[in-house]
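In what follows, a structure is listed as structure tokens, so that the remarks can point back to it.
Chains as they are written, first to last, in UniProt numbering: chain A, 1 to 132; chain B, 1 to 281.
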């Protein structure tokens with residue numbers, strides 16, 4: 001894409017472009033498989049064995065086993081797909097959002113009730129570096 | 001001759017559906033959201049549309065990475081609710097309107113929009129939550145629905161301009177249908193909406209308010225907005241707002257805002273909602 005550089009400057013955000021889609025194909029298709037109850041049961045019964053049926057990288061498998069939600073995105077996962085793993089785990093979207101931002105659910109919920117994360121200071125990586 | 005007489009824009013947050021399904025609608029956290037839609041329920045019950053065209057994005061439910069259509073039109077007679085990982089929503093099966101949908105597909109394709117025709121599809125919260133917000137919990141749904149899925153998951157999504165022009169082509173398609181149906185078009189998707197990563201929870205009320213103002217009064221000023229601006233200002237999933245431009249394009253240039261609601265937060269996101277009517281209604 002012509003303006004990927006501009007997207008890359010947005011902090012804390014991973015865009016699902018062609019490269020990440022190719023990288024994350026099997027990770028995302030694993031997540032999608034959890035839309036079937038029989039697959040959720042098989043996954044819960046033996047996570048490693050179930051994951052072995054998808055040709056993912058070791059890093060991708062580890063990120064899933066550790067429920068490292070940001071790492072999954074970095075390795076080509078897409079949030080609309082990884083949300084299905086969260087749903088399978090019984091986690092709400094707000095719970096995984098809190099985890100991805102490094103805050104407790106309570107802290108995150110209070111931030112949202114206070115109007116959410118403000119755009120000021122959050123528009124570019126330079127702003128994040130400046131504000132530490 | 002069929003006619004699109006009004007448009008509805010609304011967020012489609014999954015947690016809203018869960019709140020309704022789990023009987024939490026009267027809890028203090030959720031009550032303001034459902035109260036905000038109370039006038040809309042009265043409005044649509046009064047208008048009694050014959051068909052709803054519902055523009056939304058499938059959230060990796062009907063379409064996986066195996067097939068990624070940019071615009072997909074649901075032409076089936078019915079669409080069951082999808083299991084998104086926690087079981088299907090306990091809502092009625094959505095009934096389609098195959099005759100109008102097929103007519104639209106033919107008209108749009110001959111108008112040079114490359115629609116994907118879908119004859120079998122499950123529908124996720126993107127479609128069922130807007131129906132719940134507008135119609136509550138009836139069984140069955142009171143109106144047939146034509147689903148129109150837009151890819152906003154895999155980059156690049158369609159441009160705002162393409163979406164707006166598709167809306168215009170939909171208006172023309174509906175107007176050339178032989179039966180006298182009264183149609184409402186829904187444009188759905190998140191306003192401030194960053195679901196992912198360390199920036200999750202971004203809310204930009206100023207951007208959202210400006211978007212709502214311009215969508216009614218000056219949509220031309222929005223149609224060339226680059227994707228990166230949506231993402232930077234309204235969050236990674238704020239890109240879903242391009243779908244509202246399909247709804248807007250399907251209405252008259254001088255359509256009027258008759259209702260607006262904006263609320264923060266619903267789980268991780270802002271809730272935005274507009275009702276627009278064509279003049280003379």
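Beta carbons: idealized from backbone N, C-alpha and C, even for Gly. Just so it is clear, the structure is predicted and the values come from calculations on it, not from any experiment.
Inset, instruction - Identify each residue in the segment 191 to 224 of chain B for which the Cβ-Cβ distance to at least one residue of chain A is less than 8 Å, and report them in chain order. - result: 192, 194, 195, 196, 197, 198, 199, 200, 201, 202, 203, 204, 205, 206 and 207
Legend entry - Three-state secondary structure (DSSP) of residue 256 of chain B: Translated into positions along the second chain, residue 256 of chain B becomes position 256. Correct three-state label for residue 256 of chain B: strand.
Inset, instruction - Have a look at residue 1 of chain A and residue 204 of chain B and give me their C-alpha separation to the nearest angstrom. - result: Locating residue 1 of chain A in the first chain gives position 1, where the first residue counts as 1. Locating residue 204 of chain B in the second chain gives position 204, where the first residue counts as 1. Note that residue 1 of chain A has pLDDT 45, beneath the 50 cutoff, so the model's placement of it is unreliable and no number is given.
Inset, instruction - Name, please, each residue of chain A whose Cβ falls closer than 8 Å to the Cβ of residue 272 of chain B. - result: For this step, residue 272 of chain B is matched to residue 272 along the second chain. Correct list: empty, because the minimum Cβ distance to chain A is about 13 Å.
Legend entry - Cβ pair residue 44 of chain B, residue 101 of chain B closer than 7 Å: For the purposes of this step, residue 44 of chain B is identified with residue 44 of the second chain, where counting begins at 1. For the purposes of this step, residue 101 of chain B is identified with residue 101 of the second chain, where counting begins at 1. No, the pair does not count as a contact, with Cβ atoms beyond the cut-off.
Inset, instruction - List in chain order: all unbroken beta strand (DSSP E) runs of 3+ residues lying wholly within the segment 8 to 64 of chain B. - result: 51 to 56
Inset, instruction - Give the interface partners of residue 55 of chain B over in chain A, defined as CB-CB distance under 7 Å, in chain order. - result: Indexing the second chain from 1 puts residue 55 of chain B at position 55. Per Cβ cutoff of 7 Å: no residues; residue 55 of chain B is ~17 Å from chain A at best.
Inset, instruction - Determine the direct distance from the alpha carbon of residue 128 of chain A to that of residue 122 of chain A, and round the result to whole angstroms. - result: Within the first chain, residue 122 of chain A is the residue found at index 122, counting from 1. Within the first chain, residue 128 of chain A is the residue found at index 128, counting from 1. Cα to Cα, residue 122 of chain A sits roughly 6 Å from residue 128 of chain A.
Inset, instruction - Determine whether the Cβ of residue 16 of chain A lies closer than 7 Å to any Cβ atom of chain B. - result: Here residue 16 of chain A corresponds to residue number 16 of the first chain, with the count starting at 1. By this cut-off, residue 16 of chain A is an interface position.
Inset, instruction - Can you have a look at residue 128 of chain B and say buried or exposed, based on whether 16 or more other CB atoms are within 10 angstroms of its CB? - result: The residue you call residue 128 of chain B lines up with position 128 of the second chain. Buried, by the Cβ-count rule.
Legend entry - Of the listed residues A:98, A:120 and A:125, nearest to residue 112 of chain A (C-alpha basis): Residue numbering aside, residue 112 of chain A sits at position 112 when the first chain is read from its first letter. Residue 112 of chain A has its Cα closest to that of A:98, out of A:98, A:120 and A:125.
Legend entry - Best match in B:4, B:269, B:24 and B:65 for proximity to residue 23 of chain A [C-alpha to C-alpha]: In the first chain, counting from the first residue as 1, residue 23 of chain A sits at position 23. It is B:65 whose Cα lies nearest to the Cα of residue 23 of chain A.
Legend entry - Proximal residues, the UniProt region "Disordered" (113 to 132) of chain A versus chain B, C-beta separation under 8 Å: 113, 115, 116, 117, 118, 119, 122, 123 and 124
Legend entry - Beta-carbon contacts of residue 12 of chain B that lie in its chain and below 7 Å, excluding the five residues immediately before and after: For the purposes of this step, residue 12 of chain B is taken as residue 12 along the second chain, with counting starting at 1. Counting only Cβ-Cβ distances below 7 Å, and skipping sequence neighbours, we find 56, 125, 126, 129, 130, 188 and 189.
Inset, instruction - Check residue 1 of chain A in the structure and name its three-state DSSP category. - result: Within the first chain, numbered from 1, the residue matching residue 1 of chain A stands at position 1. Confidence at residue 1 of chain A is low in this model, with a pLDDT of 45, below 50, so the placement of that residue is unreliable and no value is reported for it.
Legend entry - Residue-level contact to chain A via CB, residue 60 of chain B, 7 Å cutoff: Here residue 60 of chain B refers to the residue found at position 60 of the second chain. It does: the Cβ of residue 60 of chain B has a partner Cβ on chain A nearer than 7 Å.
Legend entry - Whether residue 193 of chain B touches residue 269 of chain B by CB criterion (7 Å): On the second chain, residue 193 of chain B is found 193 positions in, with the first residue counted as 1. On the second chain, residue 269 of chain B is found 269 positions in, with the first residue counted as 1. Yes, Cβ-Cβ distance for residue 193 of chain B and residue 269 of chain B is below 7 Å.
Inset, instruction - Could you tell me the distance, in whole angstroms, from the CA atom of residue 21 of chain A to the CA atom of residue 42 of chain B? - result: As a first step, residue 21 of chain A is located in the first chain; it is residue number 21 there, counting from the start. As a first step, residue 42 of chain B is located in the second chain; it is residue number 42 there, counting from the start. If I take the Cα positions, the gap works out to 43 Å.
Inset, instruction - Starting from residue 261 of chain B, follow its DSSP beta bridges and name the residues at the other end. - result: Taking the first residue of the second chain as position 1, residue 261 of chain B is located at position 261. Per DSSP, B:273.
Inset, instruction - Spell out a yes or no on whether the segment 247 to 255 of chain B and the segment 174 to 189 of chain B are touching, meaning 3 or more CB-CB pairs, one atom from each, closer than 8 Å. - result: yes
Inset, instruction - Starting from residue 118 of chain A, trace the alpha helix (DSSP H) both ways and give me its first and last residue. - result: Along the first chain, one-based indexing puts residue 118 of chain A at 118. From DSSP, residue 118 of chain A is part of no alpha helix (DSSP H); its letter is neither H nor E.
Inset, instruction - Report the rounded CA-to-CA distance for residue 86 of chain B versus residue 94 of chain A, giving the unit in angstroms. - result: Taking the second chain and counting its residues from 1, one reaches residue 86 of chain B at position 86. Taking the first chain and counting its residues from 1, one reaches residue 94 of chain A at position 94. Straight-line Cα distance between these residues: approximately 15 Å.
Inset, instruction - Determine, using beta carbons only, whether residue 12 of chain A comes closer than 7 Å to chain B. - result: As a working mapping, residue 12 of chain A is identified with position 12 in the first chain. Yes - at least one Cβ of chain B is within 7 Å of the one on residue 12 of chain A.
Legend entry - Cα-Cα separation between residue 136 of chain B and residue 97 of chain B, rounded to whole angstroms: Indexing the second chain from 1 puts residue 136 of chain B at position 136. Indexing the second chain from 1 puts residue 97 of chain B at position 97. Approximately 21 Å between the Cα atoms of the pair.
Inset, instruction - Kindly say whether residue 261 of chain B, judged by its beta-carbon, lies nearer than 7 Å to any beta-carbon of chain A. - result: One-based indexing of the second chain puts residue 261 of chain B at position 261. Judged by the 7 Å Cβ criterion, residue 261 of chain B is not in contact with chain A.
Legend entry - Residues that DSSP places opposite residue 148 of chain B in a beta bridge: Position 148 of the second chain, counted from the start, is the residue given in the question as residue 148 of chain B. According to DSSP, which records beta bridges pairwise, residue 148 of chain B is partnered with B:55 and B:73.
Legend entry - Residue of B:265, B:244, B:257 and B:226 minimising C-alpha distance to residue 6 of chain A: Taking the first residue of the first chain as position 1, residue 6 of chain A is located at position 6. Nearest option by C-alpha distance: B:226.
Inset, instruction - Below 7 Å CB to CB, which residues in the same chain sit around residue 63 of chain A once its five sequence neighbours on both sides are set aside? - result: Translated into the one-based positions of the first chain, residue 63 of chain A becomes position 63. Answer for residue 63 of chain A: 71, 72 and 75, listed in chain order.
Legend entry - Local conformation of residue 126 of chain A per DSSP, three classes: Within the first chain, numbered from 1, the residue matching residue 126 of chain A stands at position 126. If DSSP states are grouped into helix, strand and coil, residue 126 of chain A belongs with the helices.
Legend entry - Whole alpha helix (DSSP H) elements within the segment 6 to 52 of chain A, 4-residue minimum: 18 to 33, 37 to 45 and 47 to 51
Legend entry - Beta-carbon spacing of residue 18 of chain B, residue 100 of chain A below 7 Å: Position 18 of the second chain, counting from 1, holds the residue named residue 18 of chain B. Position 100 of the first chain, counting from 1, holds the residue named residue 100 of chain A. No, the Cβ-Cβ distance between residue 18 of chain B and residue 100 of chain A is not below 7 Å.
Inset, instruction - Would you mind reading off the limits of the beta strand (DSSP E) that contains residue 117 of chain B? - result: Within the second chain, numbered from 1, the residue matching residue 117 of chain B stands at position 117. Per DSSP, residue 117 of chain B belongs to the beta strand (DSSP E) from 116 to 118.
Inset, instruction - Consult DSSP for residue 136 of chain B and reduce its assignment to one of helix, strand or coil. - result: Translated into positions along the second chain, residue 136 of chain B becomes position 136. Correct three-state label for residue 136 of chain B: coil.
Legend entry - Residues of the segment 62 to 92 of chain B with Cβ closer than 9 Å to any Cβ of chain A, in chain order: 64, 65, 66, 68, 82, 83, 84, 85, 86 and 87
Inset, instruction - Would you identify the three-state DSSP class for residue 75 of chain A, choosing helix, strand or coil? - result: Taking the first residue of the first chain as position 1, residue 75 of chain A is located at position 75. Coil at residue 75 of chain A, not helix or strand.
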